[in-house]
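Written out below as structure tokens is the structure these notes cover.
Numbering (my numbering), first residue to last: 92 to 662.
See the structure below:
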């Protein structure tokens, strides 16, 4: 999984690149008359925050305008064009439309996007719904333009390079949005600094918030607080490291507790009788080849090839030698399919399990998942879902049940303007979508993780297997309350996570779990100490990388803005 290298690259870039100037390219090329395309406001509301171009790339200001809108109100395309970006970046839902004159309009901080990349829209078509005031911006290449002049002023001529008149890659368009919104990340950083300073000086924060709200206006304050809260939650995740260490120790104790009734290492797994069906669920480790979960030797576990269904994140099961008859199939799925909202993926898995049950009623089903697939399986088999007890076993392998240190680290790094731009660049180089819905859901303490923790699992027996040397998902995060927790010793390494499902140690533990007996008896003290050291080190790396990003913001120019004023500014 290439994401394990991303944090390292981001740390190096932020540590070595602090203080480097940010150079904004100037658009050049063929002249295009803005009057050739007629633009209309995306919502009818008045301007609540005008165009205020920042004096520096990360200074306070507003690279667009904010238009008043009610939550749920339709946001419409300002002119005809092609959707070149539609998605979520650091919690903000954004849509970008490329128009015939080469200009790009951005519709930011939406509640939902109702269009997809590549879709052509006409002026007035709905592109999303408002969450509150709509941030509307216009860009010619890398140059930000005053949307007010475009909407209400006389026609103007803007230079747009030929390359900028065509859709860029999705990652390239994402970087454009990040650059457009970078001031918002700076706002969060300055606000966090202000809040920390207020607490350190014993200032009554409640009074300061009232004063800030009165100065900025309630609508403005509400609009910005959501970004601040997200940043503050990530900061607290790192500030409470002593507590997190105690949590990690408690999680590791669960592996010791599961040793009660263990199976001697020299005793083979008991043989199984009767027919069973296995549903395999992969994680986010697909890199142009089969998912890591397919390395599990299902024949050795007693399954016939016709009784194995591999879940496709595109829907149904993956067609192949191992597939269940009379169940809808697909040609496979891509990393982009797996990176989508995990709740939506859970809906598809729930449908597959129902189809398998309908194809072979009465045959017990075992769901075996790797990595993030374990979270998808838990959501699909939630206690309140329509999945019945025909699911005899849920077995997860290296699944981040309480989140992943790497996901939290990337989110924290991306909270700063500099860090967000660096992460976007690293994502483009590595091919990893660091801002995907699934990536956000893997952040420790995310609403998705809290939800599936509250819902429980409708399965006969739940087993969570972790690798002691897994640096992608450290074993403490694979611990699952109410499950049989199994720790497989092994030396740390960059490929441990992807290789877990095919390892002999995990193969044995899966067989023991399917037979309904305890895990292998083993001494875990050394492995547990290694796991705690690994997760502590990863947290330290994430904290330092995020701090470096905020430090770079300040060196570039953010520090010249008074913190209290910066909280109410827009980017």
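All C-beta atoms in this analysis are idealised placements derived from N, C-alpha and C, irrespective of residue type, glycine included.
Separation of residue 594 and residue 387 (C-alpha to C-alpha, rounded to the nearest whole angstrom) is 8 Å. Cβ-Cβ distances below 6 Å link residue 157 to 139, 140, 224 and 226 in the same chain, with the five nearest sequence neighbours on each side left out; the list follows chain order. Shown here, residue 217 sits in a strand according to DSSP, grouped into three states. Contact check for residue 603 and residue 354: beta-carbon distance about 6 Å, within the 8 Å limit, so the pair qualifies. Around residue 582, the same chain offers 560 as residues with beta carbons nearer than 7 Å, after the five sequence neighbours per side are excluded. The beta carbons of residue 201 and residue 170 sit no closer together than 8 Å. By the Cβ-count criterion, residue 514 is buried, with 16 or more other Cβ atoms from all chains shown falling within 10 Å of its own Cβ.
Rounded to the nearest whole angstrom, the C-alpha separation of residue 557 and residue 172 is 49 Å.
DSSP links residue 441 through a beta bridge to no other residue. The alpha-carbon separation between residue 573 and residue 555 amounts to approximately 10 Å. In the three-state DSSP reduction, residue 466 falls in the helix class (H, G or I). By the Cβ test, the region 616-632 is not in contact with the region 414-433, since fewer than three Cβ pairs between them sit closer than 8 Å. Scanning its chain for C-beta atoms nearer than 8 Å, with the 5 sequence neighbours on each side dropped, one finds around residue 412 the residues 396, in chain order.
In summary, residue 503 is buried, with 16 or more beta-carbon neighbours lying within 10 Å of its beta-carbon over all protein chains present. Short of 6 Å from the beta carbon of residue 580, and not among the five residues preceding or following it, lie these beta carbons of its own chain, in chain order: 559 and 618. Positions of the alpha helix (DSSP H) runs, each at least 4 residues long and wholly inside the region 570-612, are given as 587-590 and 595-606 in order along the chain.
Looking only at 135, 187, 132 and 626, the smallest Cα-Cα distance to residue 491 is reached by 626. Minimum Cα-Cα distance from residue 498 among the listed residues 540, 607 and 577 corresponds to 540.
With respect to the 8 Å criterion, residue 567 and residue 501 are not classified as neighbours on the basis of their beta carbons. Under the three-state reduction of DSSP, residue 185 is assigned to strand.
Closest option to residue 132, judged by alpha-carbon separation, among 143, 162, 237 and 176: 237. Judged by DSSP secondary structure, residue 384 falls outside any beta strand (DSSP E); it is assigned neither H nor E. In summary, residue 207 is exposed, with fewer than 16 beta-carbon neighbours lying within 10 Å of its beta-carbon over all protein chains present. Per the C-alpha coordinates, the member of 483, 527, 609 and 372 positioned closest to residue 431 is 527.
DSSP lists 227 as the beta-bridge partner residues of residue 156. The three-state reading of DSSP puts residue 425 in coil, since its state is none of H, G, I, E or B. The beta-carbon distance between residue 165 and residue 220, rounded to whole angstroms, is 6 Å. This is short enough to meet the 8 Å contact definition. Nearest to residue 184 by C-alpha distance, out of 569, 199 and 551, is 199.
Contact annotation: residue 489 and residue 510 have beta-carbon atoms that are not nearer than 8 Å. Where residue 504 is concerned, the enclosing alpha helix (DSSP H) starts and stops at 496-504. About 5 Å separates the beta carbon of residue 197 from that of residue 187, a gap short enough to meet the 8 Å contact definition.
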